[in-house]
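**Student:** Protein chains in written order, with my numbering: chain H, 3 to 397; chain F, 3 to 397. Idealized CB from N, CA, C, for every residue including glycine. Before we start, here is the structure in question, set down as structure tokens.
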């Protein structure tokens, strides 16, 4: 065994999260480093989905809205996600896509900021949907959208700024932005901070309550393993809930949804972020998937995540010829999410060959190899193998 | 056997759709008349969902976006719904909730109508979410919302009207509105017609293309049996697609979604109605559920639906004491959907007792018993039993 192989074995032996892997369906001959795109299947989810379909839908039918807890699923599952992102209960509802939740959050933030603040800032390096949706939110609330890099945000904030939409971790490079200090800067300017947690929730502590974040959104199919296209979530800070004025006031956000009243009276609390009938099959698959977090601390996950990405960078340095790849991921821990992005010529072709050899990451146009490290099911031997195979593929 | 019981047996024997019932999971001792709230489970759906979860997600993981057809599911399933609502292919995408699709449709319609048309009309008798969402769409496009009853629409239309949002079948009374003539009246005023098909699609012919409907939305968990909270759909007429300007331009509606470009360029065609990552578990359960329509004509469904509701009204007249209930559902076939709504004191309590005796309808505040008739799995003996049990419960 190589020295790195021995190191990996020792790290795995000491890994307090190593036992989590058996809760997931992953073949032993596969190194799955694409959990930042689609989390692996928790082994108990198929049985739970079958129960939802066969018994709850097939036998109980409409009774399940009450008896199987369908109606209250959005807020119940929100409360299950809450501790993972540092939120007290009663501030998160699950439902709709991330894009739709970005729209709710940015529009609501702009409205709370008041009419005289006419600019919305958006992370210019963000996953594109956030930019497109923020542009629509700006257009429909009479604001101007201004794309800026996160580093430039403090210098651009002014008394014209209504809201700022930022990504916690950049989807491409894996850069972790400084949520506490950026949120504080936004607040100092009198504006509201909206954070997109797609690439951080479930991989590192977020601290929404602690850092005073106003609104946040995130998906659940990456590090939360909710399944393909599983519903996203919306966080509305307690202090803002009474003023949260949704652009999508569906009947599920009404104070008396079954009253079928012609006039709209918003529900109290986080329920105000709901819209239409919740998508039960996907939502309850997510609820089941979240059970893998029972007894797991997000701090332990973060510690292992950093150890995994450190070790991967070390393996890449050892196995891959000098100058063949360039890391886009910040070396400093405080600026790194749970992925490593390597720039490489022919990245699309290289990723195909990696996948053929059982190392699954993904390719991001035009030249990025992206490797995501999910601490609940990726081990150090996986990491050593990924680095070694990458070295072999790059010859 | 009573005379009505004999009639029911004869009607069932002659029913060309009687064979469809075996495709659904319904116990023999249950009369399920709530398919207009949640359609029954098609028997082959659990196995298909299991394959999606265990193999497509669990084994293929991200490869399924291409290999299992996940990415193209919204438009593929839209094309499967299209013939049921009289639409040619390429005009429907599936995704999001009905409420979210109402928002897209009404905002886009107002934008297409032009700035000088400053009023949006909405069916005052509609399911409330449509009114709430239309109010938001009006507010965010600088229009005034004006609620009117469908009968009053022709008299209220003017050169100020931008768009009109109407329900095809009223959720409460089961009244079927005259889609062809109302659409023609809206067009004569130079406005756009948006129809909500939640309570008509799958129960009767809609004729979207034939009648020149501009935009339409609908849910899939009622007569289309897609499962609890299954994704809704959006129809955008071919002629309008190039001008369809979505308020929710997520990355899935981009011409080059994986280009991850900062500038938004809308996709051609119906894809423009997509928003975020599609919710695969629910969406593919719906796709499987739609197979029950193979070889079924919506005209045959309509003929049976009217025969069922006629027969139910006849049974109610025979079994229920004079004056105990009052039908809110229009007697004329051309004004009747696929449900019967009976006003009755203590309707909530009456419905509980019906359900205890195996006759499942639902209660709508304050005094309505609602019975939905799904021709694919409700037979005439069911109807006779429902009428008889109602008579017994009302003593």
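1) Given a limit of 7 angstroms on CB to CB distance, which residues of the stretch 107 to 124 of chain H reach chain F?
2) Which of the three DSSP states is assigned to residue 197(F) in this structure?
3) What runs of the beta strand (DSSP E), each 3 residues or longer, lie entirely inside the stretch 66 to 130 of chain H?
4) Listed from N- to C-terminal order along the chain, which residues in the stretch 219 to 253 of chain H have their beta-carbon within a distance smaller than 9 angstroms of any beta-carbon of chain F?
5) Run through the DSSP bridge pairs and tell me what residue 44(F) is partnered with.
6) Assign residue 21(H) to buried or exposed, taking buried as 16 or more other Cβ atoms, counted over all protein chains shown, within 10 Å of its Cβ.
7) Start and end of the alpha helix (DSSP H) containing residue 182(F)?
8) With a Cβ-Cβ cutoff of 9 angstroms, do residue 6(H) and residue 27(H) count as a contact?
9) Please decide whether residue 364(H) counts as near chain F, where near means a Cβ-Cβ distance under 9 angstroms.
10) Find the residues of chain F that neighbour residue 261(H), judging by a C-beta separation of less than 8 angstroms, and give them in chain order.
11) List, in order along the chain, the chain F residues whose C-beta lies closer than 7 angstroms to that of residue 105(H)?
12) Out of curiosity, what's the CA-to-CA distance linking residue 402(H) and residue 321(H)?
13) Output, in chain order, the set of chain H residues within a Cβ distance shorter than 8 angstroms of residue 34(F).
14) Using 8 angstroms as the cut-off, can you tell me whether the stretch 79 to 91 of chain H makes contact with the stretch 286 to 293 of chain H, which would need three or more C-beta pairs spanning the two stretches below that distance?
15) Out of 377(H), 247(H), 135(H) and 181(H), which has the shortest C-alpha to C-alpha gap to residue 141(F)?
16) With a threshold of 6 angstroms on Cβ separation, who are the neighbours of residue 182(H) within its own chain once the five nearest residues in sequence on each side are excluded?
17) If you compare alpha carbons, which of 74(F), 122(F) and 375(F) is closest to residue 137(F)?
18) Taking contact to mean 3 or more Cβ pairs, one atom from each stretch, closer than 8 angstroms, check whether the stretch 343 to 359 of chain F and the stretch 191 to 201 of chain F are in contact.
19) Could you check if residue 198(H) is buried or exposed, using at least 16 other CB atoms within 10 Å of its CB as the buried criterion?
20) If you compare alpha carbons, which of 234(F), 210(F) and 342(F) is closest to residue 371(F)?
21) What residues of chain F sit near residue 39(H), judged by a beta carbon separation below 8 angstroms?
22) Just the Cα atoms here: how many angstroms apart are residue 347(H) and residue 47(F)?
23) Give a yes or no on whether 9 angstroms exceeds the smallest Cβ distance from residue 205(H) to chain F.
24) Can you pull out the residues from the stretch 133 to 165 of chain F whose beta carbon lies closer than 8 angstroms to at least one beta carbon of chain H?
25) Beta carbons nearer than 8 angstroms to chain F: which residues of the stretch 273 to 300 of chain H have them?
26) Give the secondary structure of residue 157(F) by DSSP, where H, G and I count as helix, E and B as strand, and everything else as coil.
27) For a cutoff of 9 angstroms on Cβ pairs, would you count residue 355(H) as touching chain F?
28) Mind listing, in chain order, the continuous alpha helix (DSSP H) runs of no fewer than 4 residues lying wholly within the stretch 255 to 342 of chain H?
29) Could you name the residues that DSSP lists as bridge partners for residue 374(H)?
30) Quick one: what does DSSP say residue 382(H) is sitting in, helix, strand or coil?
31) So who's on the other strand from residue 51(H), going by DSSP bridges?
32) Please determine if the stretch 307 to 315 of chain F and the stretch 109 to 116 of chain F are in contact, where contact requires at least 3 C-beta pairs separated by less than 8 angstroms.
33) Excluding the 5 residues flanking residue 78(H) on each side, which residues of the same chain have their C-beta closer than 7 angstroms to its C-beta?
34) Contact criterion: CB-CB distance below 9 angstroms. Does residue 345(H) meet it with respect to chain F?
35) Would you call residue 74(H) buried or exposed, if buried means 16 or more other Cβ atoms sit within 10 Å of its Cβ?
**Tutor:** In brief:
1) Hits within the stretch: zero.
2) Reading the second chain from its first residue, position 195 is the one you call residue 197(F). DSSP, read as helix, strand or coil, puts residue 197(F) in strand.
3) As far as the stretch 66 to 130 of chain H is concerned, its whole beta strand (DSSP E) runs of at least 3 residues are 94 to 96 and 121 to 125.
4) Those residues of the stretch 219 to 253 of chain H that come within reach of chain F (Cβ to Cβ, closer than 9 angstroms) are 221, 223, 229, 230, 231, 232, 233, 234, 248, 249, 250, 251, 252 and 253.
5) Taking the first residue of the second chain as 1, we reach residue 44(F) at position 42. According to DSSP, which records beta bridges pairwise, residue 44(F) is partnered with 26(F).
6) If you number the first chain from 1, residue 21(H) lands on position 19. The residue in question, residue 21(H), is exposed, as its Cβ has fewer than 16 Cβ neighbours within 10 Å.
7) For the purposes of this step, residue 182(F) is taken as residue 180 along the second chain, with counting starting at 1. Per DSSP, the unbroken alpha helix (DSSP H) holding residue 182(F) starts and ends at 181 to 190.
8) Here residue 6(H) corresponds to residue number 4 of the first chain, with the count starting at 1. Here residue 27(H) corresponds to residue number 25 of the first chain, with the count starting at 1. By the CB criterion at 9 angstroms, residue 6(H) and residue 27(H) fall outside the cutoff.
9) Residue mapping note: residue 364(H) aligns to position 362 of the first chain, counting from 1. Output row for residue 364(H): interface = yes.
10) Along the first chain, one-based indexing puts residue 261(H) at 259. Within chain F, 367 have C-beta atoms less than 8 angstroms from the C-beta of residue 261(H), given in sequence order.
11) For the purposes of this step, residue 105(H) is taken as the residue at position 103 of the first chain. In chain order: 250.
12) For chain H, the structure presents residues 3 to 397; residue 402(H) sits outside this window and is missing.
13) Position 32 of the second chain, counting from 1, holds the residue named residue 34(F). What residue 34(F) touches in chain H: 63.
14) For the pair of segments examined, the stretch 79 to 91 of chain H was found to touch the stretch 286 to 293 of chain H: the number of CB pairs separated by less than 8 angstroms reaches three.
15) By 1-based counting over the second chain, the position of residue 141(F) is 139. That would be 247(H), whose Cα lies nearest to the Cα of residue 141(F).
16) Position 180 of the first chain holds residue 182(H). Apart from the 5 residues on each side of it in sequence, residue 182(H) sits with its Cβ closer than 6 angstroms to the Cβ of 213 in its chain, given in chain order.
17) Numbered from 1 along the second chain, position 135 holds the residue referred to as residue 137(F). Nearest C-alpha to residue 137(F): 122(F).
18) No, because fewer than three Cβ pairs between the stretch 343 to 359 of chain F and the stretch 191 to 201 of chain F fall closer than 8 angstroms, the two stretches do not touch.
19) For the purposes of this step, residue 198(H) is identified with residue 196 of the first chain, where counting begins at 1. Result: buried.
20) As a first step, residue 371(F) is located in the second chain; it is residue number 369 there, counting from the start. Out of 234(F), 210(F) and 342(F), 342(F) has the C-alpha closest to the C-alpha of residue 371(F).
21) Taking the first chain and counting its residues from 1, the one referred to as residue 39(H) is at position 37. Those within 8 angstroms of residue 39(H) in chain F are 64.
22) As a working mapping, residue 347(H) is identified with position 345 in the first chain. As a working mapping, residue 47(F) is identified with position 45 in the second chain. Computed Cα separation, rounded: 45 angstroms.
23) On the first chain, position 203 is the one that residue 205(H) refers to. Look at residue 205(H): its C-beta is not under 9 angstroms from any C-beta on chain F.
24) Answer in chain order: 133, 134, 135, 137, 138, 142, 143 and 149.
25) For chain F, the residues of the stretch 273 to 300 of chain H that bring a beta carbon within less than 8 angstroms of one of its beta carbons are 277, 278, 279, 280, 281, 282, 283, 284, 285 and 287, in chain order.
26) Working through the second chain from its first residue, we reach residue 157(F) at position 155. DSSP places residue 157(F) in helix when its eight states are reduced to three.
27) Here the question's residue 355(H) lines up with position 353 in the first chain. So no, residue 355(H) is outside the interface.
28) Within the stretch 255 to 342 of chain H, the alpha helix (DSSP H) runs of at least 4 residues that lie entirely inside it are, in chain order, 282 to 291 and 300 to 321.
29) Locating residue 374(H) in the first chain gives position 372, where the first residue counts as 1. The partner list for residue 374(H) (beta bridge, DSSP) reads 341(H).
30) Looking up residue 382(H) in the first chain gives position 380. In this structure, residue 382(H) counts as helix in the three-state DSSP scheme.
31) On the first chain, residue 51(H) is found 49 positions in, with the first residue counted as 1. DSSP, once it has assigned bridges, lists no residue as partnering residue 51(H).
32) Contact between the stretch 307 to 315 of chain F and the stretch 109 to 116 of chain F is absent, because fewer than three Cβ pairs lie under 8 angstroms.
33) For the purposes of this step, residue 78(H) is taken as residue 76 along the first chain, with counting starting at 1. Counting only Cβ-Cβ distances below 7 angstroms, and skipping sequence neighbours, we find 71.
34) Numbered from its first residue, the first chain carries residue 345(H) at position 343. Not a single CB atom of chain F sits nearer than 9 angstroms to the CB of residue 345(H).
35) Taking the first residue of the first chain as position 1, residue 74(H) is located at position 72. Residue burial is scored here from C-beta neighbours: residue 74(H) has fewer than 16 other C-beta atoms within 10 angstroms and is therefore classed as exposed.
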